[in-house]
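A short worksheet on the structure shown next.
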Amino acid sequence: DMLDQAIERLQPGDQVILHSDQGWHYQMRQYQKTLEQHQITQSMSRKGNCLDNAVMENFFGLLKSELLYLQEF
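Sequential numbering of the sequence shown, starting at 22, is according to our numbering.
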């Protein structure tokens, strides 16, 4: 899965923050335990506050546009 693939790419000393919504799988204890084992900080949007995610949505929208669609902004 996505988390396992990301963990495989980590280098010693990497400081990782994983931002997500409040989906049930991100709240599962096993998922959180895996993050803790690999020293990954979990950042989760507050319930009912879509503005928490706005900055990340904007960043990934630009990243997708520039890298995937090869358009510069």
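A virtual CB, placed ideally from N, CA and C, is assigned to each residue, including glycine.
Going by DSSP in three states, residue i sits in which element: helix, strand or coil?
i: Met-65; result: strand
i: Leu-84; result: helix
i: His-59; result: coil
i: Leu-4; result: Absent from the model: residue 4. The displayed extent of the chain is 22 to 94, so no value can be given.
i: Leu-39; result: strand
i: Leu-91; result: coil
i: Met-49; result: coil
Contact defined as beta carbons within less than 8 Å: I believe residue i pairs with residue j. What is the distance between those atoms, to the nearest angstrom?
i: Gln-63; j: Leu-39; result: 6 Å
i: Met-65; j: Ser-41; result: 6 Å
Inspect the beta-carbon positions of residue i and residue j and report whether they are closer than 9 Å.
i: Gln-36; j: Gln-60; result: yes
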